[in-house]
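Q: In the working numbering, the protein residues as written are -8 to 491. Next up is a structure, given as structure tokens.
Here's what the structure looks like:
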């Protein structure tokens, strides 16, 4: 029974990244060689599958979601009480769920968040006088939703961030019943809170106040440091993300036109994302403050790039450039020194379609923040780095956040030949890719919906043919020479040959 259950999930995805001369060594010895500077593509493929395995083992329908140690806590008094930190850690645990074809493993997170709504509504009403529901930076199995742990606990957008997972589940599966009965109602509750919580800034913008950029601080003009401000960049990006998702969902369901219009109006009045005139970096706060810790492990103001998509490489190039400068600045000051922080960097560089830099961070994660059994080392052991890196490796091979199925967007030279099968893309697509000498060769797309597929192929390549059920299909070339669009039908498979 165990083997049957395990294989049903595990064998959905297969990944081959190339041969390793160390393939016959034990895992801990292979990891040590990576620490000494060697490349081991098979170990990376194993690490990817290990991340899927850990999610399968710690998050199944009817169970609690994976906590900070998954379920592999060996302490009587666990670090951070084995709780659920919602200022990135809980969400990062679930980044691989959809793209890595483990959609069922996402369900415990939804059950858990729905269980927080009653206490979150009480906190919203009694603490802030707001409608909707709120969750601060941590929670637990008893429905804890109020601030805790000090200054950084005054961060009332944990529910809003986590609600994006509900919408992602819909985007990947196309399940409109789930959207109508579970996703949209909880997203709407989180949006109600933020609509009431927003207030006017001295500049005449709508902002969150108080506001905090997890778990960072800034220098004020008088030389002192603070964590509190109003309208931090991450808050604004989360609001854009949630409100836009609510608008899309209400249009799909054809309900709540008045609510939808209110969200659109509020978005127009929201404080803008700002680029520093001094150095072109994306500002983390409403004012252009300096940081006492410029290599801080949290990179909260990059949320709009990943896991959100308010900022995209081709859609908002100026903002993307500002994020890149901020990311390079973080790295130059020691950023990525914890396991989960390094895993987030893999995803950032993948979204920038920078395969070499994404690979450098995969290597750094294995060399500096991975224990001999492949557990992520915060330190101490904290499982979100495993899940975040698993998702990051998938992002290097396939992306679909920007309305396109993007093939091999961040393939590094260290993986010149390989294959992946069974990854998921938004729109109800299951994608398999073969590549050689760094070039895509063959793509297979299985569609579960009757939707057109916009496909982006690597630069310098072209589509040779698209076939389905033995018939050759026609396609339309997009505005970008690297994109094409073709119709798909539910239940059909499409074979795509790619040339140079």
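Cβ coordinates follow ideal geometry from the N, Cα and C atoms, glycine included. In this text, all values refer to a predicted model and were calculated from it rather than measured experimentally.
1. Does the Cβ of residue 274 have 16 or more other Cβ atoms within 10 Å, making it buried, or fewer, making it exposed?
2. Among residues of its own chain, excluding the 5 on either side of residue 238, which ones have a beta-carbon nearer than 6 Å to its beta-carbon?
3. Between residue 346 and residue 290, how many whole angstroms is the CB-CB distance? I'm expecting something under 8 Å.
4. Where does residue 444 fall in DSSP's three states?
5. Whose CA, out of 5, 12, 167, lies closest to the CA of residue 31?
6. Would you please state the rounded distance, in angstroms, between the beta carbons of residue 313 and residue 349? I believe it to be under 8 Å.
7. From the DSSP output, in three-state form, read off residue 5 for me.
8. Could you tell me the boundaries of the beta strand (DSSP E) in which residue 414 lies?
9. DSSP three-state call for residue 372: helix, strand or coil?
10. Under the DSSP definition of a beta bridge, which residues are partnered with residue 288?
11. If I'm right that residue 86 touches residue 379 with Cβ under 8 Å, what's the distance once you round it to whole angstroms?
12. For a test of the three-state rule: what should DSSP assign to residue 312, helix, strand or coil?
13. If contacts are defined as beta-carbon pairs under 8 Å, then residue 295 and residue 228 qualify, I think. What distance do you get, rounded to the angstrom?
14. Does residue 168 come out as helix, strand or coil in the three-state DSSP assignment?
15. Determine, using beta carbons only, whether residue 491 comes closer than 8 Å to chain C.
16. Give me the residue from 63, 481, 292, 468 with the minimum Cα distance to residue 225.
17. State the start and end residues of the unbroken beta strand (DSSP E) segment that holds residue 335.
18. Would you kindly work out how many angstroms separate the C-alpha atoms of residue 40 and residue 98, rounded to a whole number?
19. Could you please give the first and the last residue of the uninterrupted beta strand (DSSP E) stretch that includes residue 366?
20. Below 8 Å, how does it come out for the stretch 178 to 190 and the stretch 119 to 139: are there three or more Cβ pairs, yes or no?
21. Helix, strand or coil for residue 75? Go by DSSP, reduced to three states.
A: This is what the structure gives:
1. Sequence index remark: in the chain shown, residue 274 carries index 283 (1-based). Buried is the call here.
2. One-based indexing of the chain shown puts residue 238 at position 247. Cβ neighbours of residue 238 beyond the five flanking positions: 251, 254.
3. Within the chain shown, the letter at position 355 stands for residue 346. Within the chain shown, the letter at position 299 stands for residue 290. Not really, about 20 Å apart at Cβ, beyond 8 Å.
4. As a position in the chain shown, residue 444 is number 453, starting the count at 1. Reduced to three states, the DSSP call for residue 444 is strand.
5. Your numbering for residue 31 matches position 40 in the chain shown. Among 5, 12, 167, the Cα nearest to that of residue 31 is on 12.
6. Within the chain shown, numbered from 1, the residue matching residue 313 stands at position 322. Within the chain shown, numbered from 1, the residue matching residue 349 stands at position 358. Incorrect: roughly 19 Å between the Cβ atoms, too far for contact.
7. The residue you call residue 5 lines up with position 14 of the chain shown. Here residue 5 sits in strand by DSSP.
8. Counting from 1 along the chain shown, the entry for residue 414 is found at position 423. Residue 414 -> beta strand (DSSP E) spans 409 to 416.
9. By 1-based counting over the chain shown, the position of residue 372 is 381. DSSP places residue 372 in strand when its eight states are reduced to three.
10. Along the chain shown, one-based indexing puts residue 288 at 297. Looking at the DSSP assignment, residue 288 forms no beta bridge with any residue, so it has no partner.
11. Within the chain shown, numbered from 1, the residue matching residue 86 stands at position 95. Within the chain shown, numbered from 1, the residue matching residue 379 stands at position 388. Beta-carbon to beta-carbon, residue 86 and residue 379 are separated by about 6 Å, close enough to satisfy the 8 Å threshold.
12. In the chain shown, the residue the question calls residue 312 occupies position 321. DSSP places residue 312 in helix when its eight states are reduced to three.
13. For this step, residue 295 is matched to residue 304 along the chain shown. For this step, residue 228 is matched to residue 237 along the chain shown. Confirmed, about 4 Å.
14. Within the chain shown, the letter at position 177 stands for residue 168. If DSSP states are grouped into helix, strand and coil, residue 168 belongs with the helices.
15. Among the protein chains of the structure shown there is no chain C, as only one such chain exists.
16. Counting from one through the chain shown, the residue named residue 225 turns up at place 234. Cα-wise, what sits closest to residue 225 is 292.
17. In the chain shown, the residue the question calls residue 335 occupies position 344. Where residue 335 is concerned, there is no enclosing beta strand (DSSP E), although the alpha helix (DSSP H) it sits in stretches over 330 to 342.
18. Translated into positions along the chain shown, residue 40 becomes position 49. Translated into positions along the chain shown, residue 98 becomes position 107. When rounded, the distance between both Cα atoms is 20 Å.
19. Taking the chain shown and counting its residues from 1, one reaches residue 366 at position 375. That residue, residue 366, is in no beta strand (DSSP E); it is neither H nor E in DSSP.
20. Contact between the stretch 178 to 190 and the stretch 119 to 139 is established, with three or more Cβ pairs separated by less than 8 Å.
21. Numbered from its first residue, the chain shown carries residue 75 at position 84. Strand, per DSSP.
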